[in-house]
Amino acid sequence: MIQEVAKDRSSCRQRVGVCGVSVMRIVVLGAGVVGSTAAYMLARDGHEVTIVDRCDKPGMETSFANGGLMTPSDSSPWNSPGTIKRLGKMLFDSNSTLKLNPSAIPSIVSWGLKFLSNSTYERHKTNMISNIRIASLSLETLRSIRQTSSLHYDQTTRGTMRVFPRNGRMSEFVQMCREMQEWGVKFDVLNQEQILEKEPCLGDVIDRYTGAVFFPDDESGDAHKFTNEMTRLAAGLGAKFMMNTNVLEIVRQSESRISHVKTSKGDVRADAYVLSLGSYSPILARPLGIHLPIVPVKGYSVTLPLNGWKGGPTRPVMDDGYHAMMVPMGDRLRMGGKAEFARYNTKIDPKEGRRVLDDILKILPSMAANVDVDCALNWSGLRPMTPGGPPIVSSTPYENLFLNTGHGPLGWTMSCGSAKIIADLVTHGRVLTNSVDPADYVL
Ligand SMILES: Cc1cc2nc3c(=O)[nH]c(=O)nc-3n(C[C@H](O)[C@H](O)[C@H](O)COP(=O)(O)OP(=O)(O)OC[C@H]3O[C@@H](n4cnc5c(N)ncnc54)[C@H](O)[C@@H]3O)c2cc1C
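According to this note's numbering, numbering within the sequence shown proceeds without interruption in unit steps and concludes at 560.
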């Protein structure tokens, strides 16, 4: 069975969409936050969009219970200068936030070398600027979507705060913030009194902290709910969904054109295809000769129902000492930490969840007496990481195949920005905004 998502290409190309551009039939592979947001943007440009995903609903894999941070301020890639020196301790110390499962070593050798080669001062700074640009475009795009559509995803728009223990690395961090400020990331340095003005819940432990950095433009929310808001808007514009559908192969017609996609529900044909399968993108791209340098990096989160308790933070707070974060999400608190190279293993280890929770209870001791912490929900997901940090958002040697993948630890933060870039590339053949350099996101 061949599903003719694009039945008659010539007639499609003659039809004119909302911006005076030709209407195309487009298949977006992957209904995570990245694919769903791109699908919405493409539908908004007037295209006929079909989203294909193996899950029964959008946003069920890595976009399900991530940290919920929408933070251009977090644009510094993980391989900051000096990574090589710190790596041994980081990977093999059982208390470290970065862990390497020995079984993953063979699969990440070449990626790991590229990761290290990106840790020079110059490379790291260049990648950080590329991240800031796409994350800032994302926030700007999100804000403009919110002006025209009412979105509900347990969002906060009160900034984020990173608190630093005494003898921590606050001055080094502030120095990095000054560099980011040149590229538009605003920040304020707070003393103990100012921390408490913003977040009185830290009163029990305030003496632990030497100060904080506050990022007024950052936001937060539930990425899973946001993904479903994007698919709701896309559906309102006529987008179609093929859920519970496994993508088996992207089939080429020639060296420069894709003919169709083989799925568990038959072949699907369109004018253009957008690859947004998160950590699984490399598997589908490889047979086409496209080698995506993306590896899965596992992370954990814990979500605690608060049942009306209001004693927690009112905005996301990151504790730089414990490498722990707590993010208010409606009547829930999302917490997280940790990164692990474990190939495609998404098994949830309750011990990791307990460790995250225990760190948060050191910061918010009153929570234990007021909330049933045994009701916490553990989750794990795979960040699709590139070795440098910036995602891959670009055209390919195949004129009708586009890449929108590899967003690593910032997939939600960058989703609206990369959706705008990919929609421009598909619709206009070039990126219309000057605020990003598309060359930063090519393979
Ligand atoms: C613990 C943790 C915390 C994080 N915190 C944050 C944060 O605070 N802020 C932030 O911005 N980012 C955060 N991230 C990163 C962010 O969650 C990811 O970058 C983002 O979810 C990636 O989205 P995606 O759409 O590319 O991938 P996914 O959400 O994984 O979507 C890919 C989709 O492709 C589908 N798929 C895969 N293979 C196939 C196939 N063969 N056939 C059919 N369908 C297929 C999957 O079902 C899935 O729906 C975090 C990640 C983790 C793990």
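Ideal placement from N, C-alpha and C gives every residue a C-beta, glycine not left out.
For MET293, which residues in the same chain have their Cβ closer than 7 Å to its Cβ, ignoring the five residues on either side in sequence?
Hits under 7 Å: SER193.
Counting pairs of Cβ atoms below 8 Å between the segment 236 to 251 and the segment 277 to 287, do you hit three or more?
The segment 236 to 251 vs the segment 277 to 287: no contact.
What are the boundary residues of the beta strand (DSSP E) that includes PRO422?
Segment 412 to 422, the beta strand (DSSP E) holding PRO422.
Quick check on GLN370: does DSSP put it in helix, strand or coil?
Residue state, collapsed to three classes: strand.
Could you check whether the Cβ of GLY176 sits closer than 7 Å to any heavy atom belonging to ligand 1?
Indeed, a heavy atom of ligand 1 lies less than 7 Å from the Cβ.
For SER127, count neighbouring C-beta atoms within 10 Å of its own C-beta (all shown protein chains included) and say buried if the count is 16 or more, exposed if not.
With a pLDDT of 38 at SER127, under the threshold of 50, the modelled position of that residue is not reliable, and the figure given next carries that caveat. The residue in question, SER127, is exposed, as its Cβ has fewer than 16 Cβ neighbours within 10 Å.
Can you tell which of PRO404, ALA389, ASP475 has its C-alpha closest to the C-alpha of ILE143?
Checking every option, the nearest Cα to that of ILE143 belongs to ALA389.
In chain order, which continuous runs of the alpha helix (DSSP H) of length 4 or greater are located wholly inside the segment 468 to 498?
Whole alpha helix (DSSP H) segments, 4+ residues: 483 to 487.
Roughly how many whole angstroms lie between the Cα atoms of ALA352 and GLU310?
Rounded to whole angstroms, ALA352 to GLU310 spans 48 Å at the Cα level.
Decide if PRO475 is buried, meaning its Cβ has at least 16 other Cβ atoms within 10 Å, or exposed.
Residue identity differs from the one stated: residue 475 is Asp in this sequence, not Pro. Looking at its Cβ environment, which holds fewer than 16 other Cβ atoms inside 10 Å, ASP475 is exposed.
Relative to the alpha-carbon of LYS342, which residue among VAL553, GLY149, SER552 has its alpha-carbon at the smallest distance?
Comparing Cα-Cα distances from LYS342 to each of VAL553, GLY149, SER552, the minimum goes to GLY149.
Contact between the segment 174 to 191 and the segment 523 to 540 is defined here as three or more beta-carbon pairs at a separation below 8 Å; is this criterion met?
Taking 8 Å as the limit for Cβ pairs, the verdict is that the segment 523 to 540 does touch the segment 174 to 191.
Please state if the CB of VAL559 and the CB of SER511 are separated by a distance shorter than 8 Å.
The answer is yes: Cβ separation under 8 Å.
Per DSSP, which residues does ILE168 bridge with? Please list them.
Answer is VAL145, PHE358.
Using DSSP's beta-bridge definition, name the partner residues of ASP436.
Its beta-bridge partners are VAL280, ALA441.
Please go through the same chain and pick out, in chain order, the residues whose beta-carbon is closer than 8 Å to the beta-carbon of THR420, but skip the five residues on each side of it.
ALA182, MET446, ARG449, LEU450, ARG451, MET452, ALA493, LEU494, TRP496, listed in sequence order.
Output needed for GLY438: all residues of its chain with C-beta closer than 6 Å, excluding positions within five of it in sequence on either side, in chain order.
Excluding residues within five positions, the ones whose Cβ falls inside 6 Å are PRO282, GLY285.
Given a cut-off of 8 Å, decide if ILE375 and VAL364 are closer than it, judged by their beta-carbon atoms.
No, these two residues do not count as a Cβ contact at 8 Å.
What does DSSP give as the partner residues of MET446 in its beta bridges?
According to DSSP, MET446 bridges with ARG449.
Does DSSP put PHE343 in a helix, a strand or coil?
Helix at PHE343.
Any heavy atom of ligand 1 closer than 7 Å to the CB of GLY149?
Checking every heavy atom of ligand 1 against the Cβ of GLY149, one is found closer than 7 Å.
Check for me: the beta strand (DSSP E) holding TYR390 runs from which residue to which?
Residues 389 to 392.
On a Cα-Cα basis, can you pick out the residue from GLY425, LYS455, ARG432, PRO504 that is closest to LYS415?
That would be LYS455, whose Cα lies nearest to the Cα of LYS415.
By Cβ distance, which residues of its chain are closer than 7 Å to VAL611, with the 5 residues on each side in sequence left out?
With the chain covering only 118 through 560, there is no way to say anything about residue 611.
Tell me whether the beta-carbon of ILE411 lies closer than 8 Å to the beta-carbon of THR503.
For ILE411 and THR503, yes; Cβs fall inside 8 Å.
Against chain B, with Cβ distances strictly below 8 Å, would LEU230 count as a contact?
Absent here is chain B; the protein component of the structure consists of one chain.
Between the Cα of GLY395 and the Cα atoms of ASP335, PRO501, ARG250, which residue gives the shortest distance?
Out of ASP335, PRO501, ARG250, PRO501 has the C-alpha closest to the C-alpha of GLY395.
How would you call LEU542, buried or exposed, if buried means at least 16 neighbouring beta carbons within 10 angstroms?
LEU542 comes out buried.
Given SER153, which residues of its chain have a CB within under 6 Å of its CB, disregarding the five upstream and five downstream residues?
Same-chain partners within the cutoff: PRO175, THR344, MET347, THR348.
Shortest alpha-carbon distance to MET62 belongs to which of MET207, SER381, SER373, GLU372?
Residue 62 lies beyond the stretch modelled for the chain, which goes from 118 to 560, so this question has no answer here.
Could you tell me the alpha carbon to alpha carbon distance between LEU549 and SER535, rounded to whole angstroms?
Cα to Cα, LEU549 sits roughly 13 Å from SER535.
At the level of alpha carbons, what is the spacing between PRO422 and ARG471?
Looking at the two C-alpha atoms, the distance is approximately 15 Å.
Where does LEU409 fall in DSSP's three states?
Coil at LEU409, not helix or strand.
Return the CA-CA distance between THR431 and SER337, expressed in angstroms with no decimal places.
Roughly 11 Å separates the two Cα atoms.
Three-state secondary structure (DSSP) at MET245?
It is helical.
Evaluate GLU516 with the Cβ neighbour count: other Cβ atoms within 10 Å of its Cβ, from every protein chain shown; 16 or more gives buried, anything less gives exposed.
That one is exposed.
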